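Everything on this sheet refers to the single structure shown next.
Numbering (the numbering used here), first residue to last: 428 to 889.
Have a look at this one:
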């Protein structure tokens, strides 16, 4: 963050040549400047570059209020928050003004009096763009006073007349003047509360308890909604929906690489997760979204894969702490720990009761097999299969260290299979090598070339 300008009066601001821009012009100009310079206006957004983002950019250039529609965990809130990057880093405001008005354009009676009385000596301060974004989670108990405002009884008690505009305590939307106000889960707002937003979004004024305050608000209203909410919990009333200039559908990542990028970016990992394990989690999440056993109207949030990665990393760190490993690296054996704790994040279709563990286990095996086929295609694992002839076995498990696992691998009489497996993933440390070889063994089991027995946290391949 840079330092704000040193200018502190409106006279000095005029002398500097500062030009006031309306909010939508400011956003449009900054966005077009980024596009022309080849900068990415949406850092951290994966999977939307050819679908959602072009639509959103066109809406912002057109100056439209926007509502994003999509199932849970599609990045709607993150996308709304990234709009802050379209604002000027620093913006002048009348110092102490309740609504943060521009020094050239006071809109409340108090700010107008001050501007007239103090002239060029009117003090100003600078507001960072992060302070010009307000967010409200729409809950059923949200009131008109929260969003728009209400009469302040304390101001009335001080002796002001009830009809005096200065008795008003402004709500979130007026206080977001010259900024962005985001409302998450808009359908959860009671319909009468949505009605209070109609004038704000069209006429740009507010009405409080019968008083019409002609405040030319300069706000960009953006919102998110789950399409299922229109029938399950509420709906966006038709007049309000009509006032949004753009309605944009979001979606889950289309490409596997984007799914992996989202998990890697958002997960707070306490241990290393090699790429094949991360890829398996991403494939697992995507297979759940395609499963007829899962309620797809509720969706399978990106948070499922994120929480899965964090759980797998935690399992690896738990093993490292318990067994004194210097390096905590996740392996295939840690994936099942994620399945056990993530079931509650899914909604199953009616009729699948009692089969949840079976369904999740099957889909995890499918995702693991796809990862193995992708990365081990063309690699001859025959020497390893031949060695596991019924007398020789390989033991792994939740509390088996990487070194113990590698030490227990059978010698392959000069074959370079182990090295070739590790080279596929650039695995060099003991933890990475154990993870890669364990994945290969699991792939051989899923291909029915070797057997596997699991009992009390221990797995034996042979």
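All C-beta atoms, glycine included, are put in the ideal place defined by N, C-alpha and C. From a predicted model like this one, the values you see are computed outputs, not experimental measurements.
8 Å Cβ shell around residue i - same chain, five flanking residues per side excluded
| i | result |
| --- | --- |
| residue 506 | 469, 472, 475, 479, 483, 495, 677 |
| residue 883 | none |
| residue 542 | 437, 521, 530, 533, 549 |
| residue 705 | 687, 690, 691, 736 |
| residue 754 | 699, 747, 829, 856, 857, 858 |
Residue interval of the beta strand (DSSP E) (run including residue i)
| i | result |
| --- | --- |
| residue 601 | Premise fails: residue 601 lies in the alpha helix (DSSP H), 599 to 602, not in any beta strand (DSSP E). |
| residue 885 | 885 to 888 |
| residue 707 | It is not in any beta strand (DSSP E) - residue 707 instead sits in the alpha helix (DSSP H) that spans 702 to 717. |
| residue 830 | Careful: residue 830 lies outside any beta strand (DSSP E), inside the alpha helix (DSSP H) at 829 to 834. |
| residue 576 | 576 to 578 |
| residue 523 | No beta strand (DSSP E) holds residue 523; DSSP gives it neither H nor E. |
| residue 511 | Neither: residue 511 is in no beta strand (DSSP E) and is coded neither H nor E. |
| residue 821 | 821 to 824 |
Within 8 Å, strictly: CB atoms of residue i and residue j
| i | j | result |
| --- | --- | --- |
| residue 646 | residue 608 | yes |
| residue 649 | residue 493 | yes |
| residue 715 | residue 799 | no |
| residue 857 | residue 833 | yes |
| residue 772 | residue 731 | yes |
| residue 565 | residue 613 | yes |
| residue 811 | residue 844 | yes |
| residue 808 | residue 871 | yes |
| residue 598 | residue 578 | no |
| residue 694 | residue 733 | yes |
| residue 651 | residue 503 | yes |
| residue 675 | residue 486 | yes |
| residue 702 | residue 852 | yes |
| residue 795 | residue 768 | no |
| residue 526 | residue 601 | yes |
| residue 629 | residue 742 | no |
| residue 822 | residue 885 | yes |
| residue 499 | residue 722 | no |
| residue 459 | residue 488 | yes |
| residue 516 | residue 491 | no |
Close beta carbons around residue i, own chain, < 6 Å, minus the five adjacent residues each side
| i | result |
| --- | --- |
| residue 562 | 609 |
| residue 837 | 814, 819 |
| residue 456 | none |
Residue range of the alpha helix (DSSP H) that includes residue i
| i | result |
| --- | --- |
| residue 614 | It is not in any alpha helix (DSSP H) - residue 614 carries neither H nor E in the DSSP assignment. |
| residue 865 | 857 to 873 |
| residue 531 | No alpha helix (DSSP H) contains residue 531, which DSSP labels as neither H nor E. |
| residue 814 | 809 to 814 |
| residue 465 | That residue, residue 465, is in no alpha helix (DSSP H); it is neither H nor E in DSSP. |
| residue 446 | Unbroken run through residue 446: none, as it is neither H nor E. |
| residue 745 | 729 to 750 |
| residue 690 | 683 to 693 |
Closest by C-alpha distance to residue i, when choosing among the options
| i | options | result |
| --- | --- | --- |
| residue 860 | 807, 887, 831 | 831 |
| residue 670 | 442, 652, 627 | 627 |
| residue 518 | 709, 454, 662 | 454 |
| residue 760 | 862, 813, 675 | 862 |
| residue 765 | 746, 684, 791, 829 | 791 |
| residue 797 | 467, 708, 513 | 708 |
| residue 785 | 525, 720, 551 | 720 |
| residue 641 | 515, 681, 595, 680 | 595 |
| residue 553 | 452, 429, 600 | 429 |
| residue 513 | 452, 497, 789, 551 | 452 |
Own chain partners of residue i with C-beta closer than 7 Å, once the 5 adjacent residues on each side are dropped
| i | result |
| --- | --- |
| residue 740 | 696, 697, 698, 700, 757 |
| residue 443 | 434 |
Residue i beta carbon near the ligand SAM (any heavy atom closer than 7 Å)
| i | result |
| --- | --- |
| residue 690 | The model depicted lacks the ligand SAM and carries no ligand whatsoever. |
Residues that DSSP places opposite residue i in a beta bridge
| i | result |
| --- | --- |
| residue 517 | 555 |
| residue 369 | No answer is possible for residue 369: the residues shown for the chain start at 428 and end at 889. |
| residue 882 | 885 |
| residue 493 | 649, 673 |
| residue 560 | 607 |
| residue 848 | In the DSSP output, where bridge partners are listed per residue, residue 848 has none listed. |
Residue i at chain C interface by Cβ criterion, 8 Å
| i | result |
| --- | --- |
| residue 610 | Going by chain labels, chain C is absent from the structure shown, which holds only one protein chain. |
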